[in-house]
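Colleague:
There are 4 protein chains.
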Amino acid sequence: MDKERIVILIHCPDKKGIIAKVTSWCYENGMNVLHCQQCLLQDEETMMFFMRIEMETESRDFNRSDFEKEFGLFSVKEGFSCEIHFAGQKEKVAVLVSKTSHCLYEILSHYEEGDIPNAEISMVVANHDTLRNVADKFDIPFHYFPIIDKDKVSQERKIISLLKQEKIDLVILARYMQILTPDFIEEYRNRIINIHHGFLPAFQGANPYLQAYNRGVKIIGASAHYASEDLDQGPIIEQDTVRVNHEAGPALLREMGKDVEKRTLMRAVAAHLEHRIIVCRNKTVVFSKEG
Amino acid sequence: MDKERIVILIHCPDKKGIIAKVTSWCYENGMNVLHCQQCLLQDEETMMFFMRIEMETESRDFNRSDFEKEFGLFSVKEGFSCEIHFAGQKEKVAVLVSKTSHCLYEILSHYEEGDIPNAEISMVVANHDTLRNVADKFDIPFHYFPIIDKDKVSQERKIISLLKQEKIDLVILARYMQILTPDFIEEYRNRIINIHHGFLPAFQGANPYLQAYNRGVKIIGASAHYASEDLDQGPIIEQDTVRVNHEAGPALLREMGKDVEKRTLMRAVAAHLEHRIIVCRNKTVVFSKEG
Amino acid sequence: MDKERIVILIHCPDKKGIIAKVTSWCYENGMNVLHCQQCLLQDEETMMFFMRIEMETESRDFNRSDFEKEFGLFSVKEGFSCEIHFAGQKEKVAVLVSKTSHCLYEILSHYEEGDIPNAEISMVVANHDTLRNVADKFDIPFHYFPIIDKDKVSQERKIISLLKQEKIDLVILARYMQILTPDFIEEYRNRIINIHHGFLPAFQGANPYLQAYNRGVKIIGASAHYASEDLDQGPIIEQDTVRVNHEAGPALLREMGKDVEKRTLMRAVAAHLEHRIIVCRNKTVVFSKEG
Amino acid sequence: MDKERIVILIHCPDKKGIIAKVTSWCYENGMNVLHCQQCLLQDEETMMFFMRIEMETESRDFNRSDFEKEFGLFSVKEGFSCEIHFAGQKEKVAVLVSKTSHCLYEILSHYEEGDIPNAEISMVVANHDTLRNVADKFDIPFHYFPIIDKDKVSQERKIISLLKQEKIDLVILARYMQILTPDFIEEYRNRIINIHHGFLPAFQGANPYLQAYNRGVKIIGASAHYASEDLDQGPIIEQDTVRVNHEAGPALLREMGKDVEKRTLMRAVAAHLEHRIIVCRNKTVVFSKEG
């Protein structure tokens, strides 16, 4: 019999004894806690409590829906919000791209190597036909949805329809050079990860490397964030930087930035897939990886 | 009435329910848990459990020795080792130096700014008279113990005697260029922090910058560790690195390294003073800082 | 007889043969080139050439003003701008502070250690009396100029008058929490180095750590730049960053930031004092340190 | 008519006027200097001079072999060693692998994106058949040379023979888990780049991540170096590090290390292909990238 591994994400206004209650429940219900992380965050007037608990059951008669029901009742009684994930359940992923391949290669090669075991990459979706051959290399279905006559709304509607049909859980914008409409965002709230090739909040909008060059910065960066209605304003998941100097013009900055972009995006995607993120208004709690 | 803040460090072989038991005990004894971190570490054959819990009591009739006794009984019953620290109790610190001032300045200026509030720096001890004026600037007693006729044993005996008399809790080797004898180490086991100006385990022993230069490395570093009998082999607390290139000769490496050394040492000292470190054989668990 | 060491900074629109001409002139005039760095930078329509050349003369009858005259004639003939520095000539420095000491300690302890040999720190100037004791520790004259009745103009006039009287070459704003007037900036164009405790161009203006916290960034930073009329818009000299996470509130960010601030400021100051910076409109060319 | 771009790498014992002579020669021969970098390095008793000069000719009747002859005569006259590269000439590259794909993907995806324009990747060579499908994806010939009956010498002889037949200029060991024989090294002296998954000189030899874990380091790294007869002792080209903590066991360290390994290797390969490296005994001068 396989052990079942469960990750639970919890949040609520801070209250005394909450850690004790949750860990005691798990103990009394025969769970073996593998990792447990908590933190407090001031959210305007309220001190909020966040917790991630990863545990294992060895019980022969473990039943997912029973567990969900029981833990759900417990959460209502104690007054906290929770999300329950069973490690065995794969997240279905769609990767949206335009013409640049480095982020797509990063995701697909990690996927092929088995580095993101709880993802199933179901499709690559593109507004250009350029990267079809990359998807083909990895035998991932490639869907080409061009924007015709500037009608982005119809194009997006087709994409959303496909994503829903395929029951996609996570959308990765791997240098997808189109701004999503609020409808798209709303449909996949906190389930769309974008990589911005600038060190947010500086250099929002178009051509951040040229902006960085013009400002003469000595460090460039990239920011992975959940997409929100306000462009480049969504909750930041991960950022990284690299030192540059006066020798680098905009083209070299762009080249140097690629490496930062792809690893920043990949780390954010892994954190999401490993259920290590809780969003709190415009911020994220990203629990660290253990193992 | 002041709230009392308590930090407890716990470790034991991993056992089911340990987090639940500890946090429940705290809850039932009226404690408010502020921070709580745990981790597991494989130590040879055994999976070890480590925990740091920081909490506050609002109880009017809280009594430190009662608390110690009660928590002690609880720890015996549940079979874990623990260390209890009351945040209000200052740690008495001695800083040992030779001739180089950058680490000493780093410590004393942070101290003066109030960045390490639970330390009381009681003395600077030196085998050269060079840095007396630095200690004087900050009104810290300076004790000069030269090594006469190569008799390090007597010199050390005098130092140890002074440290004991002053009830020193922590010894910082802030570029003290003498190897301590095993007796000294034994007396202050896991309470002597040394800064090694090399990226351990590379470049052990003397003149690590020259070694680094000769090997043509592209990154140099520093390592803060607890002193042990085997030179440069003690449990590493903190490390940091800085990028260098072929343009830097040994003298420039040494200059660039100073900055890494002092901040690495300072972080290790802060982690110790904030009771965020548990030593497990030749490794450290260093819990992160929250607040 | 002492060798004389000379640093020359050159810039002009790029032209063929310029490196050959300059290095040949030096060779023919008996100079021994120690370091030589060049670069090209696109400045709007023009490709600009920048060069730093460090050399030594062994000639017994070397004369500074003769050299300046001859090299000046050469520069006019070849059509480039230049700045000549004799390594033996110390730069007179004033450090402006308010109440926070970490940057001041960084500068003064490096100064005392001999790390910035071509600086002479002539004074600490403050709008509060708080850090007098720090200046006293290092025997640096401390001048307290409070702003009375919000009359910053008179206060600044006194400061400028003192700076001029003492023939100050470089002004360091070591967390001086006042915005300088355009007159002050104009007087010391590209000779005032400020440390901004945010990662410019993000988080301009007041309280950058709170801004960073509110935006939920995963990396904070500091920026050292020449002060300009537009607040926080001057040419950036040096930047550095440090990784943070959700566990850090605004107070911890501020504490973590101090270390980045002081080392970023110190590196910028060293680059200026070693004549490694050329300003080009709102950018800097910062030549690397060799040795 | 196309402009011809030429990179020349020069080294010799330091002598007065060398920069002037080289740049004057280029100027007088109608070359337009685009980038020019020099440095001095103490090599035992001798101060060595290193220079990289990148230039362009617009001359209609430029002839490569004439240029080589003329510059060769000049170098003999002035007493320096030189290497001349024409930017248009592609370097033929062989990538050696075993079973792990991340470094191979890094190289091939950059290649496909056009990031290393002066390389022609001619083949992937492997001692296991595992990564054939990766080479196939990119239409690169895959050659499988198993080691039969532990006879590494015959296996290597076949590889070398193929490399010579295909006129390979650069061999990349992209996690090729075999130690090369001295004959192989000798044949491709300073033309074999290896990635070591440890922060050299620490953690030489096998399983560096387990070594790092056992030592309890707080930072792990990777080192790209030219292969030499002494294992892991060759001239280091590039290194990078990443911060880890007690939460990471050997498996997670290995996973975290992959990202550092592949980007470190890629940067070293780019530096070699762009003719930015000069080897001096067991060290490298790596000139920075400009553009």
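Chains as they are written, first to last, in my numbering: chain U, 1 to 291; chain C, 1 to 291; chain H, 1 to 291; chain V, 1 to 291. In this text, a Cβ means the ideal position worked out from N, Cα and C, and glycines have one as well. Treat the numbers as computed from the prediction; the structure is a model and nothing was measured.
#1: Residue range of the beta strand (DSSP E) that Asp-240 (chain V) falls in?
#2: When DSSP labels each residue in this structure, what does Ile-90 (chain U) get in the three-state scheme?
#3: Spatial neighbours of Glu-4 (chain H) within its chain, please: C-beta separation below 6 Å, excluding the five flanking residues on both sides.
#4: Measure the Cβ-Cβ separation of Gly-237 (chain H) and Ala-224 (chain H) and say whether it is below 7 Å.
#5: Using only CA atoms, which one of C:Val-244, C:Leu-96 and C:Val-242 lies nearest to Gln-178 (chain C)?
#6: Answer with yes or no whether the minimum CB distance from Asn-32 (chain C) to chain U is below 7 Å.
#7: Please list the partners that Glu-247 (chain V) has in chain C, where partner means a Cβ-to-Cβ separation under 7 Å.
#8: Starting from Ala-315 (chain H), follow its DSSP beta bridges and name the residues at the other end.
#9: So, helix, strand or coil for Ser-371 (chain H), using DSSP?
#10: Would you please verify whether the beta carbon of Lys-283 (chain H) is less than 7 Å from any beta carbon of chain V?
#11: Just to confirm my understanding: we take Met-47 (chain U), look at its own chain, exclude 5 residues before and 5 after, and list those with CB closer than 6 Å. What are they?
#12: Is Ser-161 (chain V) helix, strand or coil when you go by DSSP?
#13: Would you mind working out which of V:Ser-109, V:Glu-44, V:Cys-36 and V:Pro-235 sits nearest Arg-189 (chain V), comparing C-alpha positions?
#14: Whole angstroms is fine: what's the gap from Gly-205 (chain U)'s alpha carbon to Lys-258 (chain U)'s?
#15: Quick one: is Leu-252 (chain H) near chain C, going by C-beta distance under 7 Å?
#16: Please work out which residues of its chain come closer than 8 Å, Cβ to Cβ, to Ser-326 (chain C), disregarding the five sequence neighbours upstream and downstream, and give them in chain order.
#17: Taking its Cβ as the centre, do 16 or more other Cβ atoms sit within 10 Å of Gly-30 (chain V), making it buried, or is it exposed?
#18: Could you give the distance in angstroms between the alpha-carbon of Glu-106 (chain V) and the alpha-carbon of Lys-158 (chain U)?
#19: So Ser-101 (chain V) contacts chain U; which residues on that side make the cut at Cβ distance below 8 Å?
#20: Give me the residue from U:Leu-73, U:Val-124, U:Asp-129 and U:His-128 with the minimum Cα distance to Ala-135 (chain U).
#21: In whole angstroms, what is the alpha-carbon distance linking Asn-207 (chain U) and Val-286 (chain V)?
#22: Rounded to whole angstroms, what is the Cα-Cα separation between Ile-193 (chain H) and Phe-50 (chain V)?
#23: Is DSSP giving Gly-221 (chain V) helix, strand or coil here?
#24: Which two residues bound the contiguous beta strand (DSSP E) that contains His-35 (chain U)?
#25: Measuring alpha carbon to alpha carbon, tell me which residue in C:Phe-71, C:Gly-79, C:Arg-64 and C:Cys-103 is nearest Phe-86 (chain C).
#26: If Glu-166 (chain C) sits next to Lys-92 (chain C), beta carbons under 8 Å apart, how far is it from one beta carbon to the other, in whole angstroms?
#27: Would DSSP call Pro-201 (chain V) helix, strand or coil?
#28: Using only the heavy atoms of the ligand GTP, determine whether one of them is closer than 6 Å to the beta carbon of Gly-221 (chain V).
#29: Measure the Cβ-Cβ separation of Ala-20 (chain U) and Thr-23 (chain C) and say whether it is below 7 Å.
#30: Would you give the residue range spanned by the beta strand (DSSP E) that Ile-18 (chain V) belongs to?
#31: I'd like to know if Glu-274 (chain C) contacts chain H, where contact means its C-beta is closer than 7 Å to some C-beta of that chain.
#32: May I ask you to report which of helix, strand or coil DSSP gives Tyr-226 (chain U)?
#33: Determine the chain U residues that contact Arg-263 (chain V) at a beta-carbon separation under 9 Å, and present them in chain order.
#34: Measuring straight from C-alpha to C-alpha, what distance separates Leu-298 (chain H) and Arg-52 (chain H)?
#35: Would you call the CB atoms of Ile-116 (chain H) and Leu-273 (chain H) closer than 7 Å?
#36: Would you list the residues sitting across from His-11 (chain U) in a DSSP beta bridge?
Modeller: In terms of the structure at hand:
#1: In the fourth sequence, residue 240 (chain V) corresponds to position 240, counting from 1. Note, Asp-240 (chain V): beta strand (DSSP E), 236-243.
#2: Within the first sequence, the letter at position 90 stands for residue 90 (chain U). Reading off the sequence shown, one finds Lys at residue 90 (chain U), where the question assumed Ile. Three-state DSSP puts Lys-90 (chain U) in coil, outside helix and strand.
#3: Mapped onto the third sequence, residue 4 (chain H) falls at position 4. Excluding sequence neighbours, Glu-4 (chain H) sits near Thr-57 and Phe-62.
#4: As a working note, residue 237 (chain H) is residue 237 in the third sequence. As a working note, residue 224 (chain H) is residue 224 in the third sequence. According to the sequence displayed, residue 237 (chain H) carries Ile and not Gly. Yes, these two residues count as a Cβ contact at 7 Å.
#5: Working through the second sequence from its first residue, we reach residue 178 (chain C) at position 178. The shortest C-alpha separation from Gln-178 (chain C) is found at C:Leu-96.
#6: For the purposes of this step, residue 32 (chain C) is taken as residue 32 along the second sequence, with counting starting at 1. With 7 Å as the cut-off, Asn-32 (chain C) counts as an interface residue toward chain U.
#7: Counted from its first residue, the fourth sequence places residue 247 (chain V) at position 247. The answer, in chain order, is Cys-39.
#8: Residue 315 (chain H) cannot be examined here, being either before or after the span of chain H that is shown, 1 to 291.
#9: Any question about residue 371 (chain H) goes unanswered here, given that chain H covers just 1 to 291.
#10: Start at 1 with the first residue of the third sequence, and residue 283 (chain H) comes out as number 283. It does not: the Cβ of Lys-283 (chain H) has no partner Cβ on chain V nearer than 7 Å.
#11: Along the first sequence, read from residue 1 onward, the residue named residue 47 (chain U) stands at position 47. Excluding positions up to five away in sequence, the list reads Asp-14 and Leu-40.
#12: In the fourth sequence, residue 161 (chain V) corresponds to position 161, counting from 1. Ser-161 (chain V) falls in the helix class under three-state DSSP.
#13: The residue you call residue 189 (chain V) lines up with position 189 of the fourth sequence. Out of V:Ser-109, V:Glu-44, V:Cys-36 and V:Pro-235, V:Pro-235 has the C-alpha closest to the C-alpha of Arg-189 (chain V).
#14: Residue numbering aside, residue 205 (chain U) sits at position 205 when the first sequence is read from its first letter. Residue numbering aside, residue 258 (chain U) sits at position 258 when the first sequence is read from its first letter. Each residue's Cα considered, the two are about 17 Å apart.
#15: Within the third sequence, residue 252 (chain H) is the residue found at index 252, counting from 1. By this cut-off, Leu-252 (chain H) is an interface position.
#16: Not covered by the structure: residue 326 (chain C). The range shown for chain C is 1 to 291.
#17: Here residue 30 (chain V) corresponds to residue number 30 of the fourth sequence, with the count starting at 1. Answer is exposed; the Cβ neighbour count stays below 16.
#18: Mapped onto the fourth sequence, residue 106 (chain V) falls at position 106. Mapped onto the first sequence, residue 158 (chain U) falls at position 158. The alpha-carbon atoms of Glu-106 (chain V) and Lys-158 (chain U) are separated by roughly 33 Å.
#19: For the purposes of this step, residue 101 (chain V) is identified with residue 101 of the fourth sequence, where counting begins at 1. Near Ser-101 (chain V) (Cβ distances below 8 Å), the residues of chain U are Ser-109, Glu-112 and Glu-113.
#20: Looking up residue 135 (chain U) in the first sequence gives position 135. Nearest C-alpha to Ala-135 (chain U): U:Val-124.
#21: Along the first sequence, read from residue 1 onward, the residue named residue 207 (chain U) stands at position 207. Along the fourth sequence, read from residue 1 onward, the residue named residue 286 (chain V) stands at position 286. The straight-line gap from Cα to Cα measures roughly 30 Å.
#22: Residue numbering aside, residue 193 (chain H) sits at position 193 when the third sequence is read from its first letter. Residue numbering aside, residue 50 (chain V) sits at position 50 when the fourth sequence is read from its first letter. Each residue's Cα considered, the two are about 34 Å apart.
#23: Here residue 221 (chain V) is taken as the residue at index 221 of the fourth sequence, counted from 1. It is a strand residue.
#24: As a position in the first sequence, residue 35 (chain U) is number 35, starting the count at 1. Looking at the DSSP string, the run of the beta strand (DSSP E) that includes His-35 (chain U) is 31-43.
#25: Your numbering for residue 86 (chain C) matches position 86 in the second sequence. Answer by Cα proximity: C:Arg-64.
#26: Taking the first residue of the second sequence as 1, we reach residue 166 (chain C) at position 166. Taking the first residue of the second sequence as 1, we reach residue 92 (chain C) at position 92. Glu-166 (chain C) to Lys-92 (chain C), Cβ: 7 Å. Contact.
#27: The residue you call residue 201 (chain V) lines up with position 201 of the fourth sequence. Of the three classes helix, strand and coil, the one that applies to Pro-201 (chain V) here is coil, per DSSP.
#28: With respect to the ligand GTP, the structure shown offers nothing to examine, as it has no ligands at all.
#29: Translated into the one-based positions of the first sequence, residue 20 (chain U) becomes position 20. Translated into the one-based positions of the second sequence, residue 23 (chain C) becomes position 23. Yes, these two residues count as a Cβ contact at 7 Å.
#30: Residue mapping note: residue 18 (chain V) aligns to position 18 of the fourth sequence, counting from 1. First-last for Ile-18 (chain V): 18-28, but that is the alpha helix (DSSP H), not the beta strand (DSSP E).
#31: As a position in the second sequence, residue 274 (chain C) is number 274, starting the count at 1. Output row for Glu-274 (chain C): interface = no.
#32: In the first sequence, the residue the question calls residue 226 (chain U) occupies position 226. It is a strand residue.
#33: By one-based count along the fourth sequence, residue 263 (chain V) stands at place 263. Correct list: Asp-259 and Arg-263.
#34: Shown here, chain H extends from 1 to 291; a query on residue 298 (chain H) therefore has no answer.
#35: For the purposes of this step, residue 116 (chain H) is taken as residue 116 along the third sequence, with counting starting at 1. For the purposes of this step, residue 273 (chain H) is taken as residue 273 along the third sequence, with counting starting at 1. Yes, the Cβ-Cβ distance between Ile-116 (chain H) and Leu-273 (chain H) is below 7 Å.
#36: Numbered from its first residue, the first sequence carries residue 11 (chain U) at position 11. Beta-bridge pairing links His-11 (chain U) to U:Phe-50 and U:Ser-81.
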